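First residue of the sequence shown: 14, per this note's numbering; consecutive thereafter.
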Amino acid sequence: DALVPSAADAIRVAEAAGRHLYDLGILTDIAAAAAGAGIGSADELLGPAERAVARLGDPTPLRSDLAWARLRVALCCDDPAPVVAAARTLLALDTPAAHRLRRDVAAAIVEVDRGRIDAAEVERVSRELADAGAPHEAARLCGVAAVRTDSEADARRLLKHSRLFRTQRARLKRAEGVDRDVVRLSEQETRVAQLVLEGRTHREIGAGLFISAKTVEHHVAHIRTKLGAGSRAELLAAIREYLSTADRPTA
Numbered sequence: 014d015a016l017v018p019s020a021a022d023a024i025r026v027a028e029a030a031g032r033h034l035y036d037l038g039i040l041t042d043i044a045a046a047a048a049g050a051g052i053g054s055a056d057e058l059l060g061p062a063e064r065a066v067a068r069l070g071d072p073t074p075l076r077s078d079l080a081w082a083r084l085r086v087a088l089c090c091d092d093p094a095p096v097v098a099a100a101r102t103l104l105a106l107d108t109p110a111a112h113r114l115r116r117d118v119a120a121a122i123v124e125v126d127r128g129r130i131d132a133a134e135v136e137r138v139s140r141e142l143a144d145a146g147a148p149h150e151a152a153r154l155c156g157v158a159a160v161r162t163d164s165e166a167d168a169r170r171l172l173k174h175s176r177l178f179r180t181q182r183a184r185l186k187r188a189e190g191v192d193r194d195v196v197r198l199s200e201q202e203t204r205v206a207q208l209v210l211e212g213r214t215h216r217e218i219g220a221g222l223f224i225s226a227k228t229v230e231h232h233v234a235h236i237r238t239k240l241g242a243g244s245r246a247e248l249l250a251a252i253r254e255y256l257s258t259a260d261r262p263t264a
């Protein structure tokens, strides 16, 4: 998510790619990175390509590609509703056999939304997703399932895998070099980050924000990934740096 320095730049990239449909794969990566950094909405980032596909008569293969792009962008954000909507849209399309993983991800999400959570299946699909170059989306899928399950054992298991995928992504970000000017924590993540920096436990943070300790753990894992932090010491240093930068007036 260091690819796009501003919402305007991200949207310009999306508009350019929308005129060249062979760039849909690149556009999906850029849109997911921008959404993960809080830059631009799915409509802004994917709208140009969707309009171009509509002018071509909405061929199914391209509609499937765009539905997958919508799902990946949704997974990079904090609101679960668009994730489920995008998954249902993708499942309704005739996805090519070569894209089995897309259907597996969408099916896992729909099953989680129905309350039928198979932790082993979610882990399998998430692992394949991470291996395909989307560790952030893999971590989010495990995180969403962990929050929805009634089984404490499954929740711990899924959150463990979510952390592993986030650590994988953090290693990639540190290796590539991350421009933290494009990192955006949500309002809730910022509140959680401030309380983590104060030394509060997950239970204490949850009580103060009226959310469960499990949800706090999910937020902390998301913060760790966005800031590219590995150890707790790195996390605290990264939060301190982020909050000090966020407090500075912009030019």
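Cβ atoms here follow ideal geometry from the backbone N, Cα and C, with glycine treated the same way.
On a predicted model such as this, the values are computed, not experimentally measured, just so you know.
Rounded to the nearest angstrom, the gap between the Cα atoms of Thr102 and Arg245 is 39 Å.
Of Val205, Asp71, Ala152, Pro74, the smallest CA-CA separation from Arg85 is found for Ala152.
Asp107 carries a coil assignment under DSSP once its states are collapsed to helix, strand and coil. The three-state reading of DSSP puts Thr228 in helix, counting H, G and I together. Boundaries of the alpha helix (DSSP H) around Ser139: 132-144. Counting C-beta atoms within 10 angstroms of its own C-beta, Pro109 has fewer than 16 neighbours from the protein chains shown and is therefore classed as exposed.
Selection Val205, Arg237, Glu141, Leu198 evaluated against Arg179 yields Arg237 as nearest (Cα-Cα). Judged by DSSP in its simplified three-state form, Phe223 adopts coil rather than helix or strand. Between Val209 and Ala158, the C-beta spacing is not below 8 Å. No residue range can be given for Thr162, since it is assigned to no alpha helix (DSSP H) and is classified by DSSP as neither H nor E.
Taken atom to atom, the span from the alpha-carbon of Glu165 to that of Ala132 is near 11 Å. The closest CA to that of Gly221, considering only His232, Ala234, Arg204, Glu230, is found on Arg204. At the C-beta level, Ala45 and Leu59 stay beyond 8 Å of one another.
Exclusion of the five residues before and after Glu63 leaves Leu79 as the residues of its chain whose Cβ lies within less than 7 Å of its Cβ. For Val123, the closest of Ala105, Ala145, Ala111, His232 by C-alpha to C-alpha distance is Ala105.
Ser225 and Leu75 have their C-alpha atoms spaced approximately 40 Å apart. Apart from sequence neighbours up to five positions away, the residues of its chain that approach Ala99 with a beta-carbon distance below 6 Å are Arg83, Leu84, Ala87, ordered along the chain. Boundaries of the alpha helix (DSSP H) harbouring Arg116: 113-126, taken from the DSSP string.
Apart from sequence neighbours up to five positions away, the residues of its chain that approach Thr162 with a beta-carbon distance below 6 Å are Ile130, Ala168, ordered along the chain.
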